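According to the numbering used here, the residues represented by the sequence shown are 11 to 536, in order. Here a beta-carbon is modelled for each residue, glycine too, at the ideal position from N, C-alpha and C. Predicted, not measured: the structure shown is a model, and the values here were computed from it.
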Amino acid sequence: MEVTPYVPTEYSLAKTEYDPHRLPPIRSGDLVSKSDETPVYTVNNNRYALPPSNILRTISDQQSEKRIEDKEGIDEQGMKKEDPIMMRIALKQARKDLNGALAKITHMEANYNDVVPRRDFVALEAKSGECLQRIKELQIVNDNQSQEIEQLRTQNENFKEDVQRLQREKDELNMKNENIHDEMTPRPSWDLAGEVIDGGAERWMNVSVNKTSQEKLVLLLNEFTGGNDDDGSGNLSQTTTIPEQLSPRGEGEQVPFHLRSSRSVKNRRLTRRDVAVLIQEIWTERRISDKQDGRTKSLSEFIYEFFRNRYGNHNTAVEMGYNLDYSCKRFKHNENCQLFYHILSGEADEDIYHYTKNLIEQLADRIIKESETHPNGTVTADAFHNMLTKYLPNKTPSDISELVAAAEKEQPNTEQLSVAKLFSVDDEDNYGEFIRVLKRHLNEDKQNYAHDVSEKIENSSSVSAKDLESTLRAINPHIQTNELAHVVQWTFEAKDGSQIPSMSANDILQRLQNGVFFRQHTLAAS
Numbered sequence: 011m012e013v014t015p016y017v018p019t020e021y022s023l024a025k026t027e028y029d030p031h032r033l034p035p036i037r038s039g040d041l042v043s044k045s046d047e048t049p050v051y052t053v054n055n056n057r058y059a060l061p062p063s064n065i066l067r068t069i070s071d072q073q074s075e076k077r078i079e080d081k082e083g084i085d086e087q088g089m090k091k092e093d094p095i096m097m098r099i100a101l102k103q104a105r106k107d108l109n110g111a112l113a114k115i116t117h118m119e120a121n122y123n124d125v126v127p128r129r130d131f132v133a134l135e136a137k138s139g140e141c142l143q144r145i146k147e148l149q150i151v152n153d154n155q156s157q158e159i160e161q162l163r164t165q166n167e168n169f170k171e172d173v174q175r176l177q178r179e180k181d182e183l184n185m186k187n188e189n190i191h192d193e194m195t196p197r198p199s200w201d202l203a204g205e206v207i208d209g210g211a212e213r214w215m216n217v218s219v220n221k222t223s224q225e226k227l228v229l230l231l232n233e234f235t236g237g238n239d240d241d242g243s244g245n246l247s248q249t250t251t252i253p254e255q256l257s258p259r260g261e262g263e264q265v266p267f268h269l270r271s272s273r274s275v276k277n278r279r280l281t282r283r284d285v286a287v288l289i290q291e292i293w294t295e296r297r298i299s300d301k302q303d304g305r306t307k308s309l310s311e312f313i314y315e316f317f318r319n320r321y322g323n324h325n326t327a328v329e330m331g332y333n334l335d336y337s338c339k340r341f342k343h344n345e346n347c348q349l350f351y352h353i354l355s356g357e358a359d360e361d362i363y364h365y366t367k368n369l370i371e372q373l374a375d376r377i378i379k380e381s382e383t384h385p386n387g388t389v390t391a392d393a394f395h396n397m398l399t400k401y402l403p404n405k406t407p408s409d410i411s412e413l414v415a416a417a418e419k420e421q422p423n424t425e426q427l428s429v430a431k432l433f434s435v436d437d438e439d440n441y442g443e444f445i446r447v448l449k450r451h452l453n454e455d456k457q458n459y460a461h462d463v464s465e466k467i468e469n470s471s472s473v474s475a476k477d478l479e480s481t482l483r484a485i486n487p488h489i490q491t492n493e494l495a496h497v498v499q500w501t502f503e504a505k506d507g508s509q510i511p512s513m514s515a516n517d518i519l520q521r522l523q524n525g526v527f528f529r530q531h532t533l534a535a536s
């Protein structure tokens with residue numbers, strides 16, 4: 011530490027002329043002689059009126075006191091004070107230390123600004139090692155996959171070459187096939203036969219399976235000429251032979267009226283179409299007769315009179331009656347033939363046919379009449395849907411939608427539905443898809459109705475007419491009186507016309523399913 015040497019204070023002694031008027035007031039503590047003769051001396055700006063010997067002693071005492079005060083660090087007020095020299099030395103040293111610290115801080119900031127703690131460095135170094143190891147593993151996997159990709163690329167190129175080769179072979183074979191096809195007779199599409207024979211495509215598949223083209227042709231020809239017999243499931247019977255003569259059934263009362271004969275009759279080998287057209291003609295005449303004269307004869311009696319009027323003699327009428335009966339049994343896979351035979355044999359109620367026919371005709375009259383307000387009598391599917399909903403109020407929305415879908419299927423290539431065509435019928439009494447679905451709904455309704463009755467009477471050993479009547483009223487409170495009477499009468503009616511007092515539950519259900527037994531197919535008023 012640098013030390014400044016002590017320099018004593020200089021005192022100036024100046025002798026001046028004593029002038030009492032120019033001297034300042036004497037302060038307390040100043041030593042001034044009262045003698046006007048004494049000269050005045052100035053020491054450190056203090057004026058003294060003392061003799062010279064006293065001045066020196068006074069100055070010496072004051073200097074001693076001053077040194078003592080300075081040494082003890084006490085000011086004039088008696089307060090301890092800091093040494094200004096030491097303070098300057100300390101301030102200078104503090105500034106020097108401050109500059110050194112600032113320089114060091116600047117150096118640290120410049121050189122160690124990007125330095126991280128060692129623990130972070132160790133953690134990052136470990137993580138970096140893991141990543142490097144993972145990169146090596148992935149690199150190995152990548153190399154393996156690259157090799158596999160290269161192999162697959164090679165295989166793909168080979169497959170492309172194989173495909174091109176096979177395509178060339180296919181083109182060559184197609185060319186050869188076309189040449190052979192031009193030289194040979196084209197093969198028929200046998201599936202089309204299922205659209206024209208009775209039983210549809212399902213029956214045709216059954217009877218034509220594993221058959222050669224020659225055998226299929228024979229089957230188709232026999233179908234048109236009435237030479238096929240089957241067992242009811244669509245399978246042709248190989249043991250059944252068509253007789254030349256039909257055996258008589260006698261002339262007793264138990265024999266149907268149109269079959270009463272004691273002589274054999276010739277088998278005319280009626281085709282399926284012959285039988286279908288004949289049945290349609292009989293039904294047409296029967297309905298006309300019922301409207302004019304009422305139903306006064308059984309269907310068997312009416313058939314005999316129909317043939318008698320057509321052919322003019324008894325023998326031919328009986329012969330045609332036998333042929334009709336035999337052909338209906340033979341073509342029982344046909345819906346119209348089957349229903350006609352069941353009615354003719356007394357197994358089904360004749361009113362089934364009339365009820366269904368009347369329902370279709372009444373529905374046709376109302377819808378066709380409403381469609382006449384549309385251009386050309388055609389309507390959209392939505393309009394047809396609204397018509398069916400209007401005139402068949404008991405139908406569910408799903409049933410209505412199914413009927414509309416059947417109509418669109420029947421007329422697939424038109425945006426508008428021709429209502430009249432939907433209700434058209436051919437000379438064999440066949441309808442299109444729309445009416446077939448409607449008939450199926452009738453049958454489903456009958457089955458559901460019979461099932462409800464079965465749940466009521468299944469635990470009964472025998473059921474009387476009164477029991478059945480109360481059961482039907484409980485199931486269908488809205489049944490009309492005449493309808494109820496007809497159902498009960500038909501159910502308990504024997505073939506000879508008499509009434510059976512009671513029947514088993516199974517027999518009653520069988521009779522209900524073969525009668526006019528519907529619940530939900532009532533037309534709304536137009």
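Whole-Å CB distance - residue i paired with residue j, under 8 Å assumed
i: ILE292; j: GLY525; result: 21 Å between Cβ atoms; not a contact.
i: THR388; j: SER434; result: Their Cβ separation, rounded to whole angstroms, is 14 Å, which puts THR388 and SER434 out of contact at 8 Å.
i: GLU468; j: ALA515; result: 6 Å
i: GLU420; j: LEU432; result: 7 Å
i: ARG213; j: GLU438; result: At roughly 16 Å, the Cβ-Cβ gap does not stay under 8 Å, so ARG213 and GLU438 are not in contact.
i: LYS466; j: PHE528; result: That pair is no contact at about 18 Å.
i: VAL447; j: LEU413; result: 6 Å
i: ILE378; j: ALA430; result: 6 Å
i: LEU402; j: LEU533; result: 7 Å
For residue j and residue i, the rounded distance between their alpha carbons
i: ASN3; j: ARG129; result: A query on residue 3 cannot be resolved here, the shown segment of the chain reaching from 11 to 536 and no further.
i: TYR459; j: GLU425; result: 37 Å
i: LEU7; j: LYS186; result: The shown model of the chain, from 11 to 536, leaves out residue 7, and the question about it has no answer.
i: ASP582; j: HIS384; result: The structure shown does not extend to residue 582, since the chain is modelled only from 11 through 536, so no value can be given for it.
i: VAL219; j: LEU231; result: 16 Å
i: MET97; j: GLN103; result: 10 Å
i: PHE267; j: GLN302; result: 22 Å
i: PHE350; j: LYS449; result: 16 Å
i: GLY260; j: MET330; result: 16 Å
i: GLN523; j: GLU225; result: 39 Å
i: VAL285; j: ASN453; result: 24 Å
i: PRO127; j: LEU134; result: 11 Å
i: GLU311; j: GLU295; result: 13 Å
i: LYS342; j: GLN348; result: 5 Å
i: VAL287; j: ASN346; result: 10 Å
i: GLU382; j: ASN396; result: 15 Å
i: GLU92; j: ARG105; result: 19 Å
i: LYS180; j: ASP172; result: 12 Å
i: THR366; j: GLU493; result: 15 Å
i: LEU108; j: ASN123; result: 21 Å
i: GLU119; j: PHE131; result: 19 Å
Span of the alpha helix (DSSP H) around residue i
i: ASP462; result: 443–467
i: ILE545; result: As displayed, the chain neither begins before 11 nor continues past 536, which places residue 545 out of reach and without an answer.
i: LEU494; result: 491–501
i: LYS339; result: 324–340
i: ALA358; result: It is not in any alpha helix (DSSP H) - ALA358 carries neither H nor E in the DSSP assignment.
i: GLU418; result: 407–420
i: ALA104; result: 94–122
i: GLY210; result: 210–218
i: ASN476; result: Before going further, note that residue 476 is Lys rather than Asn in the sequence given. Run containing LYS476: 475–485, per the alpha helix (DSSP H) assignment.
Cut-off 8 Å between Cβ atoms - residues of its own chain near residue i, not counting five sequence neighbours on either side
i: GLN509; result: ALA475, GLN499, PHE502 and GLU503
i: LEU256; result: SER274, VAL275, LYS276, ASN277, TYR332, ASN333 and TYR336
Pick from the options that is closest to residue i, judged by C-alpha positions
i: PRO422; options: ASN396, ASP93, ASP439 and PHE444; result: PHE444
i: ILE252; options: LYS276, ASN344 and PHE267; result: LYS276
i: GLU254; options: LEU280, ASN232 and LEU112; result: LEU280
i: GLU371; options: ARG297, THR306 and VAL414; result: ARG297
i: ALA374; options: PHE394, LYS221, LEU183 and GLU360; result: PHE394
i: VAL463; options: VAL497, VAL228 and ASP201; result: VAL497
i: PRO407; options: PRO94, HIS117, PRO487 and HIS451; result: HIS451
i: HIS308; options: SER512, SER470, LYS505 and SER223; result: Contrary to the premise, residue 308 reads as Ser rather than His in this sequence. Selected option, being the one with the closest Cα: LYS505.
i: SER512; options: LEU482, THR481 and SER471; result: SER471
i: ASN404; options: HIS488, SER138 and ARG483; result: HIS488
Cβ neighbours of residue i in the same chain (closer than 6 Å, five flanking residues each side left out)
i: ASN333; result: ARG278 and LEU280
i: LEU519; result: ALA460 and SER464
i: ILE207; result: TRP214 and GLU233
Sequence-distant residues of the same chain with beta carbon closer than 7 Å to residue i, five excluded per side
i: ALA327; result: TYR314, PHE317, ARG318 and TYR321
i: TRP200; result: SER218 and LYS226
i: TYR441; result: VAL435
i: LYS339; result: TYR351
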